[in-house]
Amino acid sequence: MAAQIGNSLTSSKPDVTDPIYFLHIPKTAGSAFRSFIDDHFAVGEVTPWWPIEEHLLKLSREQLLEYKAYVGHYGWYLPALVRIPLRIVTVLRDPVDRTFSHFHDLRTSPQDWLHDVIKSNRWTFEDFVLSDLGKSELTNFMIRHIAFDDIQQDFWGHSPKRDHDLPGLLKKYSDESLLDIALERLESCEVVGLFERFSDSLRLTSHKFGWAPTASFRRHNSTRGSRSGEEVTERAREAIAEMTQLDQHIYDWAKRRFEAELRGLTDEQMESDYVQRMRLLPREKRVNWKFERPINGVGWSQRQWFKSLHPRLKEDVARFACVNGATFVDVPLEQGAAYEVRFFARNLPSSTPHQIQLRVNDVVVPMRTWQSRYDTADDSVWSGIASAEIIARNSAYTRVCFEKTSNLEVSQRQPEGLLSRIKAGMMAQRTGETTTIDEPIASGIEMRWLEIIQVS
Numbered sequence: 020m021a022a023q024i025g026n027s028l029t030s031s032k033p034d035v036t037d038p039i040y041f042l043h044i045p046k047t048a049g050s051a052f053r054s055f056i057d058d059h060f061a062v063g064e065v066t067p068w069w070p071i072e073e074h075l076l077k078l079s080r081e082q083l084l085e086y087k088a089y090v091g092h093y094g095w096y097l098p099a100l101v102r103i104p105l106r107i108v109t110v111l112r113d114p115v116d117r118t119f120s121h122f123h124d125l126r127t128s129p130q131d132w133l134h135d136v137i138k139s140n141r142w143t144f145e146d147f148v149l150s151d152l153g154k155s156e157l158t159n160f161m162i163r164h165i166a167f168d169d170i171q172q173d174f175w176g177h178s179p180k181r182d183h184d185l186p187g188l189l190k191k192y193s194d195e196s197l198l199d200i201a202l203e204r205l206e207s208c209e210v211v212g213l214f215e216r217f218s219d220s221l222r223l224t225s226h227k228f229g230w231a232p233t234a235s236f237r238r239h240n241s242t243r244g245s246r247s248g249e250e251v252t253e254r255a256r257e258a259i260a261e262m263t264q265l266d267q268h269i270y271d272w273a274k275r276r277f278e279a280e281l282r283g284l285t286d287e288q289m290e291s292d293y294v295q296r297m298r299l300l301p302r303e304k305r306v307n308w309k310f311e312r313p314i315n316g317v318g319w320s321q322r323q324w325f326k327s328l329h330p331r332l333k334e335d336v337a338r339f340a341c342v343n344g345a346t347f348v349d350v351p352l353e354q355g356a357a358y359e360v361r362f363f364a365r366n367l368p369s370s371t372p373h374q375i376q377l378r379v380n381d382v383v384v385p386m387r388t389w390q391s392r393y394d395t396a397d398d399s400v401w402s403g404i405a406s407a408e409i410i411a412r413n414s415a416y417t418r419v420c421f422e423k424t425s426n427l428e429v430s431q432r433q434p435e436g437l438l439s440r441i442k443a444g445m446m447a448q449r450t451g452e453t454t455t456i457d458e459p460i461a462s463g464i465e466m467r468w469l470e471i472i473q474v475s
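And the structure:
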């Protein structure tokens, strides 16, 4: 890859139909943000987690442009690669906290490139940040993802200069001219979120893209403070402050922009804008989710892949609902009719009908349940009918909400954490061995499909 690819943004500005690009800077809550974006696109519409040289660079231009969302550690190389307008989102983090989290990951994750060096030398955090290797890895790490284009040379300290011209490399990474480049590029971003204001960052992103407003979201892979018990010494803190001066500049700029954008953007205003967007959508009489498709709602787990119950299919896609609270989906239904809401639960016995409550437009809808045709104790179909009057309570969209009424008596099948899937895959790639890492979370309902159907 060339060190600089030239102007990586086209002259035209992106519009609402252009693809989204989440420029993921490591250790800025990217795993959770990736999961958040995945929810709003169908299977296959978002780039996989693979390194760019193992996937995107092998695609034809036609294949590359089939994606509706690009997510990864691609820095500003990705806009130059696709050469189309993109709606860019990124998240920044306090440089000291990000640096410690970065070190923690290198020390605890065998697939990371510096893990063996740190472990064999028994380096503390202070040892690492004061080492030549640490300086080449950490110096202005965030701004390098934004101001440089070359992934291999400049993002992670892999430059050949690391071995024979470290002073020259560090001078390059601390060049104040990078600030102008980075700020110009950040100005063009649709959203510049903050790790420390993660929920508000999601709210702002949802508002910009017209998605269902959300106040909270599942978190993955978040290292706060000194998880390992190791303290950040004053000497280490001073060294980090010295080597991340440019990062601190763009972080402070991002905080000012973030506060300005949120100022006056109340929940009521966000809801009003969302209602107006939903009114523009075509009305539906029948909606069926098998969860390959996107779902406009909040509270769902990331997609899970299981062996299919259908003899002609290899895998089913499921989502867990009610894992950490209520789960809802918003649907622009046609008015003037009643609708049946049905779902198939893979881990919820039909003998426990009062554990879950269905609410449609804030009205409780009674449900009936029966054992599914698969004839196992944990398979059940649940159904409730919302009257035309209930549907008419909201002419813009119908909100279908599932809530737990008690601790669920579910089978042992629980959602696997997104981070577990990623790390298991990376470990298999590194060692050639298949590894299963189980990361269960609170109990939820495993839904294989959900239907909302107009009834006479």
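Quick note on our numbering: the sequence shown kicks off at 20 and runs consecutively. Ideal placement from N, C-alpha and C gives every residue a C-beta, glycine not left out.
Secondary structure of GLY244, DSSP reduced to three states: To locate residue 244, count along the sequence shown from 1; it is residue 225. Confidence at GLY244 is low in this model, with a pLDDT of 45, below 50, so its placement is unreliable and the value that follows should be read with caution. GLY244 falls in the coil class under three-state DSSP.
Candidates HIS92, ARG254, LEU75 and TYR96, of which the one nearest TYR86 by Cα: One-based indexing of the sequence shown puts residue 86 at position 67. Checked all of HIS92, ARG254, LEU75 and TYR96; the closest Cα to TYR86 is LEU75.
Pair within 8 Å by beta-carbon distance, TYR40 and LEU100: Numbered from 1 along the sequence shown, position 21 holds the residue referred to as residue 40. Numbered from 1 along the sequence shown, position 81 holds the residue referred to as residue 100. Between TYR40 and LEU100, the C-beta gap is not smaller than 8 Å, which leaves the two residues out of contact.
Rounded separation between VAL210 and THR47 - CA only: Along the sequence shown, read from residue 1 onward, the residue named residue 210 stands at position 191. Along the sequence shown, read from residue 1 onward, the residue named residue 47 stands at position 28. Cα to Cα, the separation comes out at about 14 Å.
Status (buried if at least 16 other CB within 10 Å, exposed otherwise) for LEU84: On the sequence shown, residue 84 is found 65 positions in, with the first residue counted as 1. Under this definition LEU84 is an exposed residue.
Within 8 Å, strictly: CB atoms of PRO114 and GLN267: Here residue 114 corresponds to residue number 95 of the sequence shown, with the count starting at 1. Here residue 267 corresponds to residue number 248 of the sequence shown, with the count starting at 1. For PRO114 and GLN267, yes; Cβs fall inside 8 Å.
Boundaries (first-last residue) of the alpha helix (DSSP H) holding ASN140: Taking the sequence shown and counting its residues from 1, the one referred to as residue 140 is at position 121. Per DSSP, ASN140 belongs to the alpha helix (DSSP H) from 134-140.
Distance between THR388 and ARG361 (C-alpha atoms, nearest Å): Counting from 1 along the sequence shown, the entry for residue 361 is found at position 342. Counting from 1 along the sequence shown, the entry for residue 388 is found at position 369. Each residue's alpha carbon lies about 9 Å from the other.
Close beta carbons around ASN380, own chain, < 8 Å, minus the five adjacent residues each side: Indexing the sequence shown from 1 puts residue 380 at position 361. Around ASN380: ALA405, ILE409, ILE410, ARG412, ASN413, THR417 and ARG418.
Assumed close pair GLY344, GLY316 - CB separation to whole angstroms, cut-off 8 Å: Taking the first residue of the sequence shown as position 1, residue 344 is located at position 325. Taking the first residue of the sequence shown as position 1, residue 316 is located at position 297. Not quite, the Cβ-Cβ distance comes to about 13 Å (not below 8 Å), so this is no contact.
Which of helix, strand or coil DSSP assigns to SER120: The sequence position of residue 120 within the sequence shown is 101, counting from 1. Three-state result, SER120: helix.
CA nearest to the CA of VAL384, picked from SER320, TYR358, ASN366 and LEU367: Residue numbering aside, residue 384 sits at position 365 when the sequence shown is read from its first letter. If we check each option's Cα against that of VAL384, TYR358 comes out closest.
Contact under 8 Å by Cβ, ASN366 with ASP335: Working through the sequence shown from its first residue, we reach residue 366 at position 347. Working through the sequence shown from its first residue, we reach residue 335 at position 316. No; because the gap between Cβ atoms is not below 8 Å, this pair is not in contact.
Whether THR424 touches MET262 by CB criterion (8 Å): Locating residue 424 in the sequence shown gives position 405, counting from the first residue. Locating residue 262 in the sequence shown gives position 243, counting from the first residue. Contact flag unset, no.
DSSP bridge partner residues for GLU206 (one or two, in chain order): Taking the first residue of the sequence shown as 1, we reach residue 206 at position 187. Answer is none; GLU206 lacks a bridge partner.
Through-space distance from ALA231 to GLY451, alpha-carbon basis: Along the sequence shown, one-based indexing puts residue 451 at 432. Along the sequence shown, one-based indexing puts residue 231 at 212. Unreliable placement is indicated for GLY451, whose pLDDT of 38 sits below 50; the coordinate value is still reported in the next sentence. C-alpha separation (whole angstroms): 41 Å.
Cβ pair GLY463, ALA340 closer than 8 Å: For the purposes of this step, residue 463 is taken as residue 444 along the sequence shown, with counting starting at 1. For the purposes of this step, residue 340 is taken as residue 321 along the sequence shown, with counting starting at 1. Cβ atoms of GLY463 and ALA340: closer than 8 Å.
Cutoff 6 Å; reference ARG112; Cβ partners in own chain excluding five residues on either side: The residue labelled residue 112 in the question sits at position 93 within the sequence shown. Excluding positions up to five away in sequence, the list reads THR47 and PHE214.
Proximal residues to LEU185 (C-beta, below 6 Å), its chain only, five neighbours per side dropped: Mapped onto the sequence shown, residue 185 falls at position 166. Cβ neighbours of LEU185 beyond the five flanking positions: ASP151.
Contact check, THR233 vs SER225, beta carbons under 8 Å: Translated into the one-based positions of the sequence shown, residue 233 becomes position 214. Translated into the one-based positions of the sequence shown, residue 225 becomes position 206. Taking 8 Å as the Cβ cut-off, THR233 and SER225 qualify as a contacting pair.
Same chain only: Cβ atoms within 8 Å of ASP37, ignoring 5 sequence neighbours per side: Here residue 37 is taken as the residue at index 18 of the sequence shown, counted from 1. Answer for ASP37: ILE103, PRO104, LEU105 and ARG106, listed in chain order.
6 Å CB neighbourhood of VAL307 in its chain, flanking five on each side removed: Against the sequence shown, residue 307 aligns to sequence position 288. Contrary to the premise, residue 307 reads as Asn rather than Val in this sequence. So the qualifying residues of the chain are GLU470.
Burial state of ASP168, where buried means 16 or more other Cβ atoms lie within 10 Å: What you label residue 168 is simply residue 149 of the sequence shown in a count that begins at 1. Answer is buried; the Cβ neighbour count reaches 16.
Whole-Å CB distance - LYS154 paired with LEU189, under 8 Å assumed: As a working note, residue 154 is residue 135 in the sequence shown. As a working note, residue 189 is residue 170 in the sequence shown. At roughly 6 Å, the Cβ-Cβ gap stays under 8 Å, so LYS154 and LEU189 are in contact.
N-terminal and C-terminal residue of the alpha helix (DSSP H) that LEU367 is part of: Looking up residue 367 in the sequence shown gives position 348. That residue, LEU367, is in no alpha helix (DSSP H); it is neither H nor E in DSSP.
Paired residues, beta bridge with MET466 - DSSP: Here residue 466 refers to the residue found at position 447 of the sequence shown. Note: MET466 sits in a beta bridge opposite ARG338 and ALA364.
Own chain partners of ILE44 with C-beta closer than 6 Å, once the 5 adjacent residues on each side are dropped: Here residue 44 refers to the residue found at position 25 when the sequence shown is read from its first residue. Answer for ILE44: MET161 and HIS164, listed in chain order.
For TRP401: DSSP bridge partner residues: For the purposes of this step, residue 401 is taken as residue 382 along the sequence shown, with counting starting at 1. DSSP lists PHE362 and THR388 as partners of TRP401.
Proximity below 8 Å, CB of GLN376 to CB of GLU422: Taking the sequence shown and counting its residues from 1, one reaches residue 376 at position 357. Taking the sequence shown and counting its residues from 1, one reaches residue 422 at position 403. Yes. Within cutoff.
For PHE421, three-class secondary structure by DSSP: As a working mapping, residue 421 is identified with position 402 in the sequence shown. DSSP places PHE421 in strand when its eight states are reduced to three.
Among GLU311, SER193 and ALA201, the one whose alpha carbon lies nearest that of TRP272: On the sequence shown, residue 272 is found 253 positions in, with the first residue counted as 1. Of the listed residues, the one whose Cα sits closest to TRP272 is ALA201.
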